[in-house]
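Asks:
In our numbering, the protein residues as written are 1259 to 1355.
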């Protein structure tokens, strides 16, 4: 004979599976198309959104190339700016000593 906790577990599993049975009985769903609205953009924003709409692969490739490149450029510019105002990033000495 099944214990009460086993019956409750079985009932819980059954209740969790009922929605999947009902959803599986529906007709075939249409494919979802995800696009970005590029009507109000010009210049690089329009290029970026059109690239996203045309090819997710090339959008990902461009993102992978652009983000590290911009990181290096901004990091270099920040290092130059900080060295100009007297902050030495190459030294690890603490100013409190």
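Idealized CB from N, CA, C, for every residue including glycine.
How about residue 1307 and residue 1294: do their beta carbons lie closer than 9 Å?
Replies: A contact, by the Cβ cut-off of 9 Å.
Asks: If we ignore side chains and look at the alpha-carbon of each, how far apart do residue 1351 and residue 1340 end up?
Replies: So the alpha carbons of these two residues sit roughly 16 Å apart.
Asks: Between the beta-carbon of residue 1309 and the beta-carbon of residue 1299, is there less than 9 Å?
Replies: Not in contact: residue 1309 and residue 1299 (Cβ atoms no closer than 9 Å).
Asks: So residue 1313 packs on residue 1304, CB below 8 Å; how close in whole Å?
Replies: With 8 Å as the limit, residue 1313 and residue 1304 do not qualify as a contact, their Cβ atoms being about 15 Å apart.
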